[in-house]
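A quick write-up on the structure given underneath.
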Amino acid sequence: MNDSFINALNTQKASISWMDAITENLANIYTPGYRENKTTFKTFLDSVSPDGFLKNTDQGKAVPGTSNENVFLEGQGYFVVRNEEGRLAYTRLGEFKFDENGVYKAADGSVVQGYIMNEKGEIMSGTTSLSREDYERTLSEGGSINIPTTEIKLWIDPDNGKFLGKYDEFEIKGDGILYGKANNGQESSPLFKLAVMNFHNPQELFQYKEGMFVETEGSGRPIAGRGEIRSGLIELSNVDFKSNITYYQEAKLQMDLAKNLISSYKDLLENAISLMS
546 MNDSFINALN TQKASISWMD AITENLANIY TPGYRENKTT FKTFLDSVSP
596 DGFLKNTDQG KAVPGTSNEN VFLEGQGYFV VRNEEGRLAY TRLGEFKFDE
646 NGVYKAADGS VVQGYIMNEK GEIMSGTTSL SREDYERTLS EGGSINIPTT
696 EIKLWIDPDN GKFLGKYDEF EIKGDGILYG KANNGQESSP LFKLAVMNFH
746 NPQELFQYKE GMFVETEGSG RPIAGRGEIR SGLIELSNVD FKSNITYYQE
796 AKLQMDLAKN LISSYKDLLE NAISLMS
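Counting the sequence shown from 1 gives a position; the numbering used here is that position plus 545.
And the structure:
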């Protein structure tokens, strides 16, 4: 059983971890796509120890991006990218752009994933299609879409300077579909749909780099995400400034109490030793 001195030491250690998490939150309050650290605790015989550092999955504010290639997800889920290791990863930061080869990529070079679409607006997997009705049904039932994702590519034809050889411009609409437009916008064709995935327990996703997550056993397998995609915007940090200031004050108070207890026990121990000598 822990005595009061050990409890005070544990509480001090927990307070330091808590303050570190809050400090990281406050330092990243304006970092696009940053997910707030949420600290939980467990107690044992009046002592405190960190139980875990979960990520806040609430949505951050939308701010203007640098181009209409950037996207903001208003709703639940994550954009899907394939990282440098070839593994699927998930992010809320839609700071995406087309590179010199026309490949749609995240700022770190990860390749944004989507689905190829036919002229009817159906998601294609080889010769098999998924209709809009089937897709909406999957969303409403919270199921997975078992169609492999692919890179989104809009190469520019060097002969005429057009996207894919025939489109003057492109547009990403609220349903996440990227359209190619021609004849001054009079012709519009669906080309790709941005992949959006969610998880039954997104707080258990593992963050392997800032703003980038991979699935874990705790998060579960990805399911279809839902929400409106807004072009030309990106998502800011979801840190609540006022709440974190309050948490920091509480953590500091807890730290001060633990330090006073440790100091008192140290004085008692020194007095006991002097009496025995």
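Don't be surprised by glycine CBs; every beta carbon is placed ideally from N, CA and C.
Would you kindly check if the distance between the Cβ of residue j and the Cβ of residue i is under 9 Å?
i           : j           : result
residue 641 : residue 614 : yes
residue 610 : residue 722 : no
residue 608 : residue 657 : no
residue 634 : residue 759 : yes
residue 771 : residue 622 : yes
residue 693 : residue 670 : yes
residue 726 : residue 713 : yes
residue 561 : residue 789 : no
residue 719 : residue 577 : no
residue 792 : residue 584 : yes
residue 674 : residue 769 : no
residue 736 : residue 709 : yes
residue 696 : residue 639 : no
residue 754 : residue 653 : yes
Hey, out of the options, whose CA is closest to residue i's CA?
i           : options            : result
residue 565 : 732, 581, 552      : 581
residue 765 : 753, 749, 778, 774 : 749
residue 554 : 820, 799, 761      : 799
residue 645 : 691, 700, 631, 630 : 700
residue 629 : 655, 647, 605, 600 : 655
residue 612 : 801, 690, 649      : 649
residue 686 : 745, 732, 666, 574 : 745
residue 730 : 711, 747, 743      : 711
residue 663 : 733, 606, 807, 575 : 733
residue 715 : 691, 647, 808      : 647
residue 579 : 802, 752, 551, 803 : 752
residue 763 : 599, 570, 558      : 599
residue 767 : 552, 821, 684      : 684
In this structure, does DSSP put residue i in helix, strand or coil?
i           : result
residue 609 : strand
residue 749 : helix
residue 683 : helix
residue 673 : strand
residue 590 : Only weak support is given to the placement of residue 590: the predicted model assigns it a pLDDT of 43, under 50, and the question is left unresolved by the model.
residue 546 : Model confidence at residue 546 stands at a pLDDT of 42, short of 50, so the residue's coordinates are unreliable; what they give is reported in the following sentence. Looking at residue 546 - three-state DSSP - the assignment turns out to be coil, as it is neither helix nor strand.
residue 600 : strand
residue 574 : coil
residue 818 : helix
Say whether chain D places a C-beta atom closer than 9 Å to the C-beta of residue i.
i           : result
residue 735 : Included in the structure is just one protein chain, with no chain D present.
Should residue i go down as buried or exposed, given a rule of 16 or more other Cβ atoms within 10 Å for buried?
i           : result
residue 556 : buried
residue 617 : buried
residue 682 : exposed
residue 672 : exposed
residue 786 : exposed
residue 676 : exposed
residue 782 : buried
residue 761 : exposed
residue 572 : exposed
residue 631 : exposed
residue 570 : buried
Who pairs with residue i in a beta bridge, going by DSSP?
i           : result
residue 735 : 724
residue 621 : 771
residue 809 : According to DSSP, residue 809 bridges with nothing at all.
residue 715 : 725
residue 627 : 633, 656
residue 776 : 616
residue 649 : 643
Can you find a heavy atom of the ligand PLP that lies under 8 Å from the Cβ of residue i?
i           : result
residue 734 : You won't find the ligand PLP in this model; it holds no ligand whatsoever.
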